[in-house]
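**Student:** A single structure is presented below for examination.
In the UniProt record's numbering, the protein residues as written are 1 to 69.
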């Protein structure tokens with residue numbers, strides 16, 4: 001089943017947004033799914049992560065396990 005992940009969600013923008021405000025936005029789709037999209041393309045594609053995978057990704061970022069850009 002395909003669902004529109006842009007519809008009726010409360011999207012939050014990263015506090016690390018660039019000076020022009022373009023960054024990633026995150027929304028909880030339900031208790032088990034987190035959506036991530038580009039703020040410059042709010043109707044564009046949405047990456048979806050399980051809540052467990054999202055938590056693991058944030059933990060790895062916080063611990064510096066992914067390197068730097």
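We treat Cβ as the ideally placed atom computed from N, Cα and C, and that holds for glycine. Here the structure is a predicted model, which is why all the values come from computation and not from measurement.
Quick check: the Cα distance between residue 58 and residue 26, rounded to an integer number of angstroms?
**Tutor:** Taking the first residue of the chain shown as position 1, residue 58 is located at position 58. Taking the first residue of the chain shown as position 1, residue 26 is located at position 26. If I take the Cα positions, the gap works out to 12 Å.
**Student:** What residue from 17, 11, 22, 56 has the CA that sits closest to residue 35's CA?
**Tutor:** Locating residue 35 in the chain shown gives position 35, counting from the first residue. Checking every option, the nearest Cα to that of residue 35 belongs to 11.
**Student:** Buried or exposed, going by whether 16 or more other CB atoms sit within 10 Å of the CB of residue 43?
**Tutor:** The residue given as residue 43 occupies position 43 in the chain shown. Burial call: exposed.
**Student:** Mind checking residue 1: buried by the 16 CB within 10 Å criterion, or exposed?
**Tutor:** Position 1 of the chain shown holds residue 1. In this prediction, residue 1 scores a pLDDT of 42, lower than 50, which makes its location untrustworthy; the coordinate-derived value is nonetheless stated afterwards. Counting Cβ neighbours within 10 Å, residue 1 comes out exposed, since fewer than 16 surround it.
**Student:** In chain order, what residues of the same chain lie with their CB nearer than 7 Å to the CB of residue 16, ignoring the 5 residues before and after it?
**Tutor:** As a working note, residue 16 is residue 16 in the chain shown. So the list reads 23, once near-sequence residues are dropped.
**Student:** What number of angstroms, rounded off, separates the C-alpha of residue 52 from the C-alpha of residue 32?
**Tutor:** By one-based count along the chain shown, residue 52 stands at place 52. By one-based count along the chain shown, residue 32 stands at place 32. Rounded to whole angstroms, residue 52 to residue 32 spans 8 Å at the Cα level.
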